[in-house]
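The structure appears below as structure tokens.
Number of protein chains: 2
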Amino acid sequence: MSHDFLTDFHHVATFGATPNHGVDRQAATAEDKLSRDWFAQFTQDKGWELRVDAIGNMFALIEFTPGAPYILLGSHLDSQPLGGRFDGAYGVIAGLHAAKHIEARLRLENVSPRFNLGVVNWFNEEGGRFAPSIMGSSVFVGSMDQHEMLSVSDLEGINVAQALEAIGYLGNDLRPEVAGYAEIHIEQGRILERESVSIGAVDYSWHTQKLDVEVLGEQSHTGATAMADRHDALVAASKVILKVHEVVERFEKGNIVSSVGRMTLEPNSPIVVARRVSLVADLRAVDQPTVAEARRIMLEDIATIAKEHDIKINVNDFDIRDIQYYPESGLQLVEKVTANLGKSVRRIRTMAGHDSVAMNKIVPTVMMFIPSIDGVSHCEREFSTDEHMLDGLEVLAETGWQMIFGALAAETGQDEFLFDSAVQIS
Amino acid sequence: MSHDFLTDFHHVATFGATPNHGVDRQAATAEDKLSRDWFAQFTQDKGWELRVDAIGNMFALIEFTPGAPYILLGSHLDSQPLGGRFDGAYGVIAGLHAAKHIEARLRLENVSPRFNLGVVNWFNEEGGRFAPSIMGSSVFVGSMDQHEMLSVSDLEGINVAQALEAIGYLGNDLRPEVAGYAEIHIEQGRILERESVSIGAVDYSWHTQKLDVEVLGEQSHTGATAMADRHDALVAASKVILKVHEVVERFEKGNIVSSVGRMTLEPNSPIVVARRVSLVADLRAVDQPTVAEARRIMLEDIATIAKEHDIKINVNDFDIRDIQYYPESGLQLVEKVTANLGKSVRRIRTMAGHDSVAMNKIVPTVMMFIPSIDGVSHCEREFSTDEHMLDGLEVLAETGWQMIFGALAAETGQDEFLFDSAVQIS
């Protein structure tokens, strides 16, 4: 399992490879197509069934028990611009190799599991080109509207439907009925590395939200307009950015992060004072009240800035994601599996969003982390060792094995829930 | 002269018209082409000679005295994005109508002037799409390199040569030999309006320079990266913008302006901390020492910000334009002409750059202003009244008349200089 996995992992990292060992493989680009073609070829070579749904999610399906729902393993192959080669890709490739391993083991042991097994490559988890992020899995679970998401445009005016069509991945296959989901991912933090722990069993996700901030000044000449006569949208926006950055200082360290990552200016000319700046503030914290309080402070600060500059600032909340707890039964399963394999494990929260956060809304879901060196991610120097990846692969394969035999369904008694969710997502 | 001029002025304002009475007619766009086609048609209808040179400057030439050099009147028909309909266009259209008037008067009085007369529409004065600004006239006078300017690209990667070729205005006509230049423009300030003065005789231009600032942080995940582990290029850039804005407070009010109008982020994704921000700071003051001192303070502030954020900030000076004095003889000519026409006049400085600043380097140049309501420009609500425009047209026509009879050449004795410049620009 290990040699083939590493070969494949490092091969996929060549699709959209950047000079500093990262990848640039944004959703539905030519580079994303390369990784998708690879996923399709892998599926075909194994004789599995390939499905592509109407939002570009790809499923590699293995039927052991005719008509039974599927346990899915997976993550996403798209990346941020100049992103790392581990984020997402690790989970998909580990999923494929875990599935291959499980299929072989079933044949060897000659047993029939309760559920079938599939591997998924979710569309546009990153959201760098098309916002919001976690798009494919959210459409799959019904928390985002498919029609609306297909109409989302990138900065060039190309929408999701057009972009998927252009690379040949706007499918119309039936979505598989799902009974459970497991995902493995890099931590994107320093906790596992610092404590030398192999596996993180993710217990909950942070409460997150974004704010769309529109600063409306007045366009004027940078040379000929007196300073007092200006309503400079960029100066006001700069103050907003600093307030967004500083708000975390009011809270306990490590409980909240905030930032502005996207910003556009109009007209963006060297000799014209900006008339309009629009920016996205990203706010994430350990619980909802912390986010709400930070948001309240920011809105107060923004109102002060608007008054001071005699300009209008519009703020809209969007992409609000409440804190999500992963099921206790899944945590216990990961802890048991890891212990049996002789590896170390600890519970850990996720500050970043993941496809598993969406899936957790409809089926019993397991989320696992492996260590990240230096805790950096969404950048070229993102790194996890081969050893970390192989440890995770082993744990994922064993967890998937347990799940197709009903580990979570049995422990949690969620049969009825499973039925509901299957209806909802088909 | 007045009715036809107003008809033409308001007609040209329909090319690239915006909903709020402005125009969007950036250099070498389809909208710019409309105004150029109009200029060409006007020239042809009058039976004048049209020339288009290799940087897209357009000349409408009237030969009275075979072989003599030309006095040029003019400005530019391009605009800022969502700019006003007066900036530049007024000077070109007034130039054409002044020339028409002068031609008719010469026929009537049956006299032969010393110089010929031309009207010019300079390419890309605004620099919004292709930086630097004042491009066409600077290439004409030899202070910018033609080959280099033809290679300048816009944000879409289209260069000047390609853009001019695409609209049919990459010419190769011989540049006219020039003996003098006169330009009339809106003030873009409040002085004339406040003092109810009809004409400003521009005595000098401010010292200006730009700084290219590149802030190099590290890309990371907005959710999963601890605040302390970040090197956020946008936070540091926001501080730079505020320092650029605040530096003017150290100087006497009205002697200096500063701003940032252009800025780009990479990767500009809502959930990624920016790795690189590049911005342009624009610094303009009443004299060179003031600009130098402001620049020194800004560089100190920027160094402090870089240290505080543990990131790299590169700063490069560019587009430095020293203070330029227009010739005293031209100022006196405008004062005399205006007084003879029974209108009021005062001397005034220009904070903005103009094509006349470039032309002033090689030939005796006259620059005039008419009042701007509220002093705003580079925006849709830029405004001057019909009466202001007609007053200016009368003064321009009389000034041009005096100049073709050698008013400035005689007074300043610059015949030798004229010869040099003619060699330089042919």
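Quick note, the sequences are listed as chains A and B, same order. Taking our numbering, I'd label the letters of the first sequence as residues 1 to 426. Taking our numbering, I'd label the letters of the second sequence as residues 1001 to 1426. C-beta: ideal position from N, C-alpha, C; glycine also.
Bounding residues of the alpha helix (DSSP H) (the contiguous stretch that carries residue i)
{"i": "Asp1399 (chain B)", "result": "In the sequence as displayed, the identity of residue 1399 (chain B) is Thr instead of Asp. Thr1399 (chain B) -> alpha helix (DSSP H) spans 1386-1404."}
{"i": "Arg1107 (chain B)", "result": "1089-1109"}
{"i": "Gln1041 (chain B)", "result": "1030-1045"}
{"i": "Leu299 (chain A)", "result": "288-309"}
{"i": "Lys1243 (chain B)", "result": "1233-1246"}
{"i": "Met1359 (chain B)", "result": "1355-1359"}
{"i": "Asn121 (chain A)", "result": "Counting along the chain, Asn121 (chain A) falls outside any alpha helix (DSSP H), though it belongs to the beta strand (DSSP E) covering 116-121."}
Distance, residue j Cα to residue i Cα
{"i": "Glu1125 (chain B)", "j": "Gly1200 (chain B)", "result": "21 Å"}
{"i": "Ser153 (chain A)", "j": "Met135 (chain A)", "result": "13 Å"}
{"i": "Met1263 (chain B)", "j": "Glu1328 (chain B)", "result": "40 Å"}
{"i": "Ala13 (chain A)", "j": "Ala409 (chain A)", "result": "35 Å"}
{"i": "Ala1179 (chain B)", "j": "Gly1095 (chain B)", "result": "16 Å"}
{"i": "Val1213 (chain B)", "j": "Arg1276 (chain B)", "result": "10 Å"}
{"i": "Asn20 (chain A)", "j": "Arg85 (chain A)", "result": "11 Å"}
{"i": "Leu170 (chain A)", "j": "Val1244 (chain B)", "result": "48 Å"}
{"i": "Ser356 (chain A)", "j": "Glu183 (chain A)", "result": "6 Å"}
{"i": "Asp1415 (chain B)", "j": "Ala1306 (chain B)", "result": "In this predicted model, Asp1415 (chain B) has a pLDDT of only 35, less than 50, meaning its place in the structure is not dependable; the value taken from the coordinates is given anyway. Approximately 53 Å, taken between the alpha carbons."}
{"i": "Ile1055 (chain B)", "j": "Arg1036 (chain B)", "result": "14 Å"}
{"i": "Phe9 (chain A)", "j": "Ala339 (chain A)", "result": "26 Å"}
{"i": "Glu1387 (chain B)", "j": "Val1023 (chain B)", "result": "21 Å"}
{"i": "Thr1007 (chain B)", "j": "Gln1041 (chain B)", "result": "15 Å"}
{"i": "Val1202 (chain B)", "j": "Val1366 (chain B)", "result": "8 Å"}
{"i": "Val1363 (chain B)", "j": "Gln1324 (chain B)", "result": "13 Å"}
{"i": "Glu177 (chain A)", "j": "Thr385 (chain A)", "result": "35 Å"}
{"i": "Leu1265 (chain B)", "j": "Ser137 (chain A)", "result": "28 Å"}
{"i": "Ser1143 (chain B)", "j": "Ile1320 (chain B)", "result": "12 Å"}
{"i": "Ser205 (chain A)", "j": "Leu390 (chain A)", "result": "25 Å"}
Proximity below 9 Å, CB of residue i to CB of residue j
{"i": "Phe5 (chain A)", "j": "Leu192 (chain A)", "result": "no"}
{"i": "Gly118 (chain A)", "j": "His185 (chain A)", "result": "no"}
{"i": "Val1139 (chain B)", "j": "Ala1060 (chain B)", "result": "no"}
{"i": "Leu1082 (chain B)", "j": "Cys1379 (chain B)", "result": "yes"}
{"i": "Leu174 (chain A)", "j": "Arg51 (chain A)", "result": "yes"}
{"i": "Ala1352 (chain B)", "j": "Gly261 (chain A)", "result": "no"}
{"i": "Arg296 (chain A)", "j": "Leu283 (chain A)", "result": "no"}
{"i": "Phe130 (chain A)", "j": "Ala28 (chain A)", "result": "yes"}
{"i": "Phe123 (chain A)", "j": "Asn57 (chain A)", "result": "yes"}
{"i": "Gln188 (chain A)", "j": "Asp87 (chain A)", "result": "yes"}
{"i": "Pro66 (chain A)", "j": "Ser198 (chain A)", "result": "no"}
{"i": "Asp1322 (chain B)", "j": "Leu1211 (chain B)", "result": "no"}
{"i": "Glu1103 (chain B)", "j": "Ile1167 (chain B)", "result": "no"}
{"i": "Val273 (chain A)", "j": "Thr225 (chain A)", "result": "yes"}
Listed by chain order, chain B residues near residue i by CB distance under 7 Å
{"i": "His378 (chain A)", "result": "Gln1219, Ser1220, His1221, Val1272"}
{"i": "Met353 (chain A)", "result": "Correcting the residue type first, residue 353 (chain A) is Gly in the shown sequence and not Met. Chain B residues near Gly353 (chain A): Gly1223."}
{"i": "Arg284 (chain A)", "result": "Gly1223"}
{"i": "Met144 (chain A)", "result": "Result: empty, since nearest Cβ-Cβ is about 15 Å, beyond 7 Å."}
Chain A residues whose Cβ lies nearer than 9 Å to that of residue i
{"i": "Ala1013 (chain B)", "result": "Neighbours of Ala1013 (chain B) on chain A: none; closest Cβ ~17 Å, over 9 Å."}
{"i": "Gly1400 (chain B)", "result": "Going along chain A, no residue has its Cβ under 9 Å from Gly1400 (chain B), so there is no contact; the nearest lies around 25 Å."}
{"i": "Met1403 (chain B)", "result": "What Met1403 (chain B) touches in chain A: nothing, since even the nearest Cβ is about 26 Å away."}
{"i": "Gly1127 (chain B)", "result": "Ser269, Pro270, Ile271"}
Under 7 Å by beta carbon: chain A residues contacting residue i
{"i": "Val1260 (chain B)", "result": "Leu234"}
{"i": "Val1280 (chain B)", "result": "Pro270"}
{"i": "Arg1349 (chain B)", "result": "Ordered by position in chain A, no residue passes the 7 Å Cβ test against Arg1349 (chain B), which lies about 11 Å from the chain."}
{"i": "Ser1075 (chain B)", "result": "Correct list: empty, because the minimum Cβ distance to chain A is about 15 Å."}
{"i": "Pro1081 (chain B)", "result": "Pro267, Ser269"}
Listed by chain order, chain B residues near residue i by CB distance under 8 Å
{"i": "Ile241 (chain A)", "result": "Leu1234, Val1235, Ser1238"}
{"i": "Ala226 (chain A)", "result": "Gly1189, Arg1190, Gly1254, Val1257, Gly1375"}
{"i": "Gln209 (chain A)", "result": "Ordered by position in chain B, no residue passes the 8 Å Cβ test against Gln209 (chain A), which lies about 11 Å from the chain."}
{"i": "Val248 (chain A)", "result": "Met1227"}
The beta strand (DSSP E) enclosing residue i, as first and last residue numbers
{"i": "Ile1199 (chain B)", "result": "1199-1205"}
{"i": "Met1227 (chain B)", "result": "Counting along the chain, Met1227 (chain B) falls outside any beta strand (DSSP E), and DSSP gives it neither H nor E."}
{"i": "Val1280 (chain B)", "result": "1276-1285"}
{"i": "Glu195 (chain A)", "result": "Here Glu195 (chain A) belongs to no beta strand (DSSP E); instead the alpha helix (DSSP H) covers 191-195."}
Distance cut-off 8 Å: residue i Cβ against heavy atoms of the ligand ZN
{"i": "Val202 (chain A)", "result": "With respect to the ligand ZN, the structure shown offers nothing to examine, as it has no ligands at all."}
Counting pairs of beta carbons, one from the region 1205-1222 of chain B and one from the region 1235-1250 of chain B, are three or more of them closer than 8 Å?
yes
Cβ pair count under 8 Å reaching 3, the region 1111-1118 of chain B against the region 1397-1410 of chain B:
yes
Do the region 1063-1078 of chain B and the region 1329-1338 of chain B touch if we need at least three Cβ pairs shorter than 8 Å?
No, they do not touch.
Three or more C-beta pairs closer than 8 Å, one from the region 288-307 of chain A and one from the region 1287-1303 of chain B: is that the case here?
no
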